[in-house]
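Trainee: Below are the structure tokens for one structure; questions will follow.
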Amino acid sequence: MISKKMVQALNKQVNNEIYSAYLYLSMSSYTNYIGLKGAANWFMVQYQEEMVHAMKIYDYVNSQGNHAQLAAIAAPPAEFGTLLSMFEQTLKHEQFITNCINELMDLAIKEKDHATQIFLQWFVTEQIEEEGNDNDIIAKLKLIGDSPQGLMMIDRDMAARVFTPPATTAA
Ligand code: OFO
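Numbering follows the numbering used here, in which position 13 of the sequence shown is assigned residue number 19; successive positions increment by one, without gaps.
As structure tokens, then:
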């Protein structure tokens with residue numbers, strides 16, 4: 007059984023994850039516009055992954071006899087500056103999401119809600135990967151500095167990222 011407070015907090019996280027998806031969809035559109043097609047692919051895959059995160063929480067709430075209630079999604083920015091700046095903004099956003107997941111876990115522990123703690127463990131691990139990916143790309147972008155060839159090389163690498171849909175979003 008999940009408490010009302012836990013359901014509300016999980017519903018808020020559905021919104022955060024859909025906002026993440028929306029943010030990366032906007033970044034995909036922007037990078038496509040400035041000619042970085044590989045980065046546009048990278049952010050499109052990120053958008054798809056965020057929708058999976060949202061649906062995992064949505065399915066979990068609904069599977070426990072509760073009601074995943076949806077709220078308005080804030081508009082993301084439309085322009086983001088350089089690719090390095092975009093990944094710094096991405097890392098900052100993911101650090102915010104990590105914090106949200108940690109707060110959800112704190113609440114589940116406080117409420118002795120073991121089921122939700124087990125459910126949230128997947129997200130704790132996922133956030134390690136999310137921040138790790140962003141840190142790696144930031145390090146590479148700092149290394150190449152102002153080199154257009156370096157930027158093209160990174161863009162080519164980003165074109166190879168593939169979205170692998172999960173078999174299910176059920177917990
Ligand atoms: Fe859902 O991990 Fe990013 O935001």
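We treat Cβ as the ideally placed atom computed from N, Cα and C, and that holds for glycine.
By DSSP, does valine 168 sit in helix, in strand, or in coil?
Mentor: Note: valine 168 maps to coil in three-state DSSP.
Trainee: Rounded C-beta distance between glutamine 75 and asparagine 17? I'm assuming under 8 Å.
Mentor: About 5 Å separates the two Cβ atoms, so the contact holds.
Trainee: Reducing DSSP to helix, strand and coil, say where methionine 7 ends up.
Mentor: Coil at methionine 7, not helix or strand.
Trainee: Classify glutamine 19 as helix, strand or coil using the three-state DSSP reduction.
Mentor: If DSSP states are grouped into helix, strand and coil, glutamine 19 belongs with the helices.
Trainee: Return the Cβ separation of arginine 167 and asparagine 47 in integer angstroms, given the expectation that the two are a contact with Cβ distance under 8 Å.
Mentor: That pair is a contact at about 6 Å.
Trainee: Mind pulling the beta strand (DSSP E) runs of 3 or more residues that sit fully within the region 88-161?
Mentor: List check, beta strand (DSSP E) in window: nothing returned.
Trainee: Tell me which residue opens and which closes the alpha helix (DSSP H) that glutamate 55 is part of.
Mentor: Taken as a continuous stretch (DSSP letters only), the alpha helix (DSSP H) holding glutamate 55 covers 43-69.
Trainee: Quick check on this structure: which residue in Asp140, Asp119, Phe125 and Ile124 has the alpha carbon closest to the alpha carbon of lysine 10?
Mentor: When each option's Cα is compared against that of lysine 10, the closest is Asp119.
Trainee: Taking its Cβ as the centre, do 16 or more other Cβ atoms sit within 10 Å of phenylalanine 93, making it buried, or is it exposed?
Mentor: Buried, because 16 or more other Cβ atoms sit within 10 Å of the Cβ of phenylalanine 93.
Trainee: Quick test of the definition: if touching needs 3 or more C-beta pairs under 8 Å, does the region 74-89 touch the region 124-133?
Mentor: No, the region 74-89 does not touch the region 124-133.
Trainee: Would you be able to state if there are at least three C-beta pairs under 8 Å between the region 145-154 and the region 19-35?
Mentor: Touching, no, given that fewer than three Cβ pairs across the two stretches are closer than 8 Å.
Trainee: May I ask you to report which of helix, strand or coil DSSP gives alanine 80?
Mentor: In this structure, alanine 80 counts as coil in the three-state DSSP scheme.
Trainee: Verify whether the separation of the beta carbon atoms of methionine 161 and leucine 31 is less than 8 Å.
Mentor: Reading off the sequence, residue 161 comes out as aspartate, not methionine. Not in contact: aspartate 161 and leucine 31 (Cβ atoms no closer than 8 Å).
Trainee: Please work out which residues of its chain come closer than 6 Å, Cβ to Cβ, to aspartate 26, disregarding the five sequence neighbours upstream and downstream, and give them in chain order.
Mentor: Rather than aspartate, the amino acid found at residue 26 in this sequence is serine. Correct list, in chain order: Glu56.
Trainee: Here's a check: name, in chain order, each residue in its chain whose Cβ is nearer than 6 Å to the Cβ of isoleucine 50, leaving out the five neighbours to either side.
Mentor: Here residue 50 is methionine; the residue named in the question, isoleucine, does not match the sequence. Ser34.
Trainee: Among the residues of its own chain, which have a CB less than 7 Å from the CB of alanine 114, if the five just before and after it don't count?
Mentor: Counting only Cβ-Cβ distances below 7 Å, and skipping sequence neighbours, we find Met12, Thr122, Gln123 and Leu126.
Trainee: With a threshold of 7 Å, establish whether the CB of isoleucine 103 neighbours any heavy atom of ligand 1.
Mentor: Checking the Cβ of isoleucine 103 against ligand 1 gives yes.
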